[in-house]
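Protein chains in written order, with my numbering: chain S, 1 to 208; chain H, 1001 to 1442. Think of the CB as a built atom: it goes at the ideal place given N, C-alpha and C, for glycine as much as any other residue.
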Amino acid sequence: MTAPLLRALRVARRYGAVEALAPTDLELLPGEAVALVGPNGAGKSTLLGILAGAIEPGEGAIETHARIGWVPQRPAHYSRLSARENLELFARLENVPDPRAVALQMLERFGLPATRRPSGELSVGNRQRLNVALALLGEPRVLLLDEPTAALDPGQRRRVWEVADTLRAEGGAVCFATQNLEEIEHASRTIVLQGGRVVSLTVEEIFG
Amino acid sequence: MSAVWLLLRKDLRVLRRSPLLLGALVAYPIVIALLVGLVAGYASSKPRVAFVDEDNLPQVVAVAGHRFHIQTVIDDVARQVTLVRLSGAEAARELADGKVVATITVPPGFLGDLETTVVSPHLILETGSGGLAPRVTQQVQSLVYQLNQKLQGGYIEANLAFVRLLLHGGNGKFLGRRFNVLGLDRTEHELALLPPGKRVATIANFVRQAKEGLAQTGDALRATANPITLKQAPAHGRTWLLSAQVQSYGIAVTVTFLALLLAAGATAAERDEGTIGRLRRGLVSLGQLVWSKVALAAVVGVVLGAAIAIVFGIVVEIGGVTGGEPWARLPLLLAGVLLAAGAAGAAGALLGALAREARTASLLAVLIVLPVVFLGLVPRGAVPAAYWVSLFLPFAHAVRFFGAALYATSPWHAVGVEAAWLAGIGAASWALARIGARTLSA
C-alpha cells in the first residue's frame, strides 16, 4: 500500500463558539489531486490552513512526509517589497540553495516583473501569480491551493493547473479548494464540505 | 542566515520604503532633541528682570565713605539675572506680558536710608505667576545677599579707617566735623619722652595693650559680619543638572513611544499582509517572530537615541549649558537605549499580537504610551499606587538608567539595577507576546 504524503487525523478548529471545522480525517497519496468543494464558510480554507501548518488545529494532528507548498486564498506577501525581494526572502527562509537565482527563475517562470516596484502595486493577477510562485519555492511534493485561480485570466489559470498536473505526474499530490465546478475535472477525488463538516452530498446537491 | 535577521532586514527595508513614517522617524528625534535642548538652555539661562529706580540713584553713590558706581555694582552682582532698567509703567507692562520674569524696584528714600546707616533700606520684588517665580525669587535673594556683602565690605573698611586713625593718629572727619587725633603710636612715643615712673609705666602698658587689641579689629569685624562663609570646593565629578533630566526624559519618551509603536505595528502587519501563515509553516517560530520585532525596536531605538543625544549635545555645547554634554558616556547611554527599546518593543509586540490589525495596534500603542509615560513621571510620594505600577513598565526605568548613565559619578549600581528591571520587563513581555502571537494566524 502506498504511504500518504500528508495525513490529517481528526483535525478540528473552533473560533470561540463557532465550529469552523469538525474533526476531519484526510490522506493525500502520491499522484492524487483532491478537490475540496463547498459554499462559503464550509471550512475549506481552515482545513487547507491546518494541512499547511499555517493554522494550529484545536484538536487532532497532522503527519507530513513531504515538503508542502501552500497557496492561501488571499495573496500573502510583503506589499512594500518587490516580487523579487519577496521571492528571495522566502527562499532564504526555506533554506533554498542560491535564493537569488531561484527568485529570478520564479520571476521568469510566472512572468512576473523583475522591477523594484512594490508587489502591493502589482495587478491582482500578478499578485496571485506571486502567491503561487512563493508556494513553489521549496520544490514541494504536496501543493495546497486555496481557490488559486479566482483572480486569474484563462491563460494564467491554465499555467497554474499545468504546474499542479506536472507535480502529480512526478509523484506529488495536490489538494485544492474551489467553488468553480469546471476545476473539479482536475481532481482525482472530491470532498464536499458544509458547515465545517465533510458531507456525503454531491457537488450538484450542494450548489443546487 | 537566521530567520530573526532575515525578518529584521525585511522590516527595516519596509520601514525605509514608508516615506511618511521614515520622515517622522527622522524628524521626531531632531525636534524632540531641539526642544529638550532649548528647555535645558533656558533652564540655565539668565532670566530677564526689570530694574525700576524710583529714587533716581546717581551714577556714583558714597556709602560709609566708600564710592559705589551703581552700574558696576549691578553688573558685578547680577551674574544670575539680566537686569534691565525700565520705568515703573514699562516694568508692570512687561511683567504682565511675560517679557520680564520679575521687577526689582528701588523705592523713594532708598539712598537716604542707606547713607544714614540707621534704617535698613528695602528693595521691592514682584514676580510673575509662572513656574519660574520661585527660581527668580531665589536668584534675587542671592543678588541682594551679594549686594549686602559688598556694602558690608564698605562699612567694615569705613570702620577700620577710624581704627587706623586711633592707632596711628592724623586728621579725621565724623558727622561733618574735622578733628586731629594723637593716635596710640604717637602717645607711646610721647610717653617714652616722659621721666620714668609707675604712672607712666601703667599708661604705656595700656597703650601697648590697646594697640595689640585694635590690630585684631579688622579680622574681628569681618568675622562678626560673616559668622559663616561658604567656600566652594573645586568641582569633582558630574553635576546633576536640569538639562540632564530633560535629556533623559526626552530620549526615554522618544524611545518608548517609537519602540512600542513600531513593534506593535510590525507584528500586526504580519497578519494584515497574510504572511504570518506562511511564516508559521515551520519557517519561523513564534519566538523568532517576536525576537525580530524586538530587534527592530531596539535597532531603531538605538539609532534614534544616538541621534537625539548627538543633536542634544550639539545644542548644549552651542548654548553653553553648564556641565556640557558627557560625550564619553554615550556608549553607556546607548546600551541603556538598546535595553529600553527592546523592552518597549517586546511590549509593543504583545500589543500587536493582541490587536491583530496594524491600525488598531498603532492606535492602541499611542493610547497606552501616554499613561505609561505619565505613570513614570509621578513621584513616589505623590501617588504610591502609580509609582508601584510604573515599576512594571519600561519608561521609569529607562529614565533612571539614562540619568545615571549620563550624570552619576558612579553610575554602575543604578545602571545595573535599572538594566535588570528592563531585562525582566522585556523578558516577561516577550513571553506574553509569544503566547499572544499564536492568535495572529488564527
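Buried or exposed, going by whether 16 or more other CB atoms sit within 10 Å of the CB of S/Pro117?
The amino acid occupying residue 117 of chain S in the given sequence is Arg; Pro does not appear at that position. Its Cβ having fewer than 16 others within 10 Å, S/Arg117 is exposed.
- For S/His77, does the three-state DSSP call read helix, strand or coil? coil
| task | For H/His1189, count neighbouring C-beta atoms within 10 Å of its own C-beta (all shown protein chains included) and say buried if the count is 16 or more, exposed if not. | result | H/His1189 should be labelled exposed.
inquiry  = Using only CA atoms, which one of S/Glu56, S/Arg14, S/Ile68, S/Val18 lies nearest to S/Ala173?
reply    = Nearest of S/Glu56, S/Arg14, S/Ile68, S/Val18 to S/Ala173, Cα basis: S/Ile68.
Check whether the Cβ atoms of H/Leu1422 and H/Pro1394 lie closer than 7 Å to each other.
-> yes
| query | Residues of chain S with a CB under 9 Å from the CB of H/Val1026: which are they? | reply | Under the 9 Å cutoff, chain S gives no residues; its nearest Cβ is about 18 Å from H/Val1026.
- Task: Look up S/Ile191 in the DSSP assignment and say whether it is helix, strand or coil.
- Result: strand
* **Range of the contiguous beta strand (DSSP E) that encloses H/Asn1180** => For H/Asn1180, the enclosing beta strand (DSSP E) covers residues 1177 to 1181.
Practice prompt. Determine contact between the segment 104 to 116 of chain S and the segment 198 to 208 of chain S, defined as no fewer than three beta-carbon pairs at a distance below 8 Å.
Written response: no
| Residue-chain proximity (H/Thr1409, chain S), Cβ-Cβ < 7 Å | no
What do you get for S/Asn95, buried or exposed, if any count of 16 or more other CB atoms within 10 angstroms of its CB means buried? exposed
- Query: Would S/Gly76 count as contacting chain H if we go by Cβ distances under 7 Å?
  - Reply: According to the sequence provided, residue 76 of chain S is Ala. The question's Gly does not apply to it. True, the Cβ-Cβ gap to chain H drops below 7 Å.
Exercise. Is H/Gly1237 close to chain S, meaning its C-beta is less than 7 Å from at least one C-beta of that chain?
Worked result: Unreliable placement is indicated for H/Gly1237, whose pLDDT of 42 sits below 50; no coordinate value is reported for it.
Would S/Ala151 pass as an interface residue toward chain H - the criterion being a Cβ-Cβ separation below 7 Å? no
Original post:
In the segment 157 to 181 of chain S, which residue ranges form an unbroken beta strand (DSSP E) of at least 3 residues, counting only runs that do not cross its ends?
Top reply: 173 to 178
Does S/Gly43 pass the burial test, meaning 16 or more other C-beta atoms within 10 Å, or should it be called exposed? buried
Exercise for the section: Look at H/Pro1107 and H/Asp1113 and say whether their C-beta atoms are less than 7 Å apart. Expected result: no
query = Can you list the residues of chain H that S/Gly53 reaches, using a CB-CB cut of under 7 Å?
reply = Arg1280, Arg1281, Gly1282
inquiry  = I need the straight-line Cα distance from H/Phe1051 to H/Ile1124, nearest angstrom please.
reply    = 10 Å
Practice item. Kindly indicate if chain S contains any beta-carbon less than 7 Å away from that of H/Arg1512. Key: What is shown of chain H runs 1001 to 1442, which leaves residue 1512 of chain H out entirely.
- Query: Should H/Gly1376 go down as buried or exposed, given a rule of 16 or more other Cβ atoms within 10 Å for buried?
  - Reply: buried
Could you give the distance in angstroms between the alpha-carbon of H/Gly1098 and the alpha-carbon of H/Glu1090? 12 Å
| field | Straight-line Cα distance separating H/Thr1137 from H/Leu1289 | value | Their backbone Cα atoms lie some 57 Å apart in a straight line.
- Taking contact to mean at least 3 C-beta pairs separated by less than 8 Å, is the segment 1294 to 1313 of chain H in contact with the segment 1251 to 1270 of chain H? yes
- Message: Within a Cβ cutoff of 6 Å, which residues of the same chain sit near S/Leu145, ignoring the five residues on either side of it in sequence?
- Response: Val71, Phe176
Assuming contact is defined by CB atoms lying nearer than 7 Å, are H/Leu973 and H/Ala1295 in contact in what I supplied? Because residue 973 of chain H is not part of the residues shown, which for chain H are 1001 to 1442, the question remains open.
Examine chain A for any beta-carbon lying closer than 7 Å to the beta-carbon of S/Arg7, and answer yes or no.
Protein chains S and H are contained in the structure displayed, whereas chain A is not.
- prompt: Considering only C-alpha positions, which residue in the set H/Leu1332, H/Pro1019, H/Ala1102 is nearest to H/Gln1141?
  reply: H/Ala1102
Give the residues of chain S in contact with H/Glu1094, contact being defined as C-beta atoms less than 9 Å apart. Those do not exist, as H/Glu1094 stays about 55 Å from chain S at its closest Cβ, beyond 9 Å.
Quiz prompt | Cut-off 7 Å between Cβ atoms - residues of its own chain near S/Ala103, not counting five sequence neighbours on either side | solution = The answer, listed in chain order, is Arg84, Leu87, Glu88, Ala91.
>> Tell me which residues share the same chain as H/Ala1235 and place their Cβ nearer than 6 Å to its Cβ, disregarding the 5 neighbours each side in the sequence.
In response: Per-residue confidence for H/Ala1235 stands at a pLDDT of 45, beneath the threshold of 50, marking its modelled position as unreliable; no derived number is given.
Margin query: For a contact defined as C-beta to C-beta under 7 Å, what are the partners of S/Gly41 on chain H?
Written below: Residues of chain H passing the Cβ test: none, with the nearest at roughly 16 Å.
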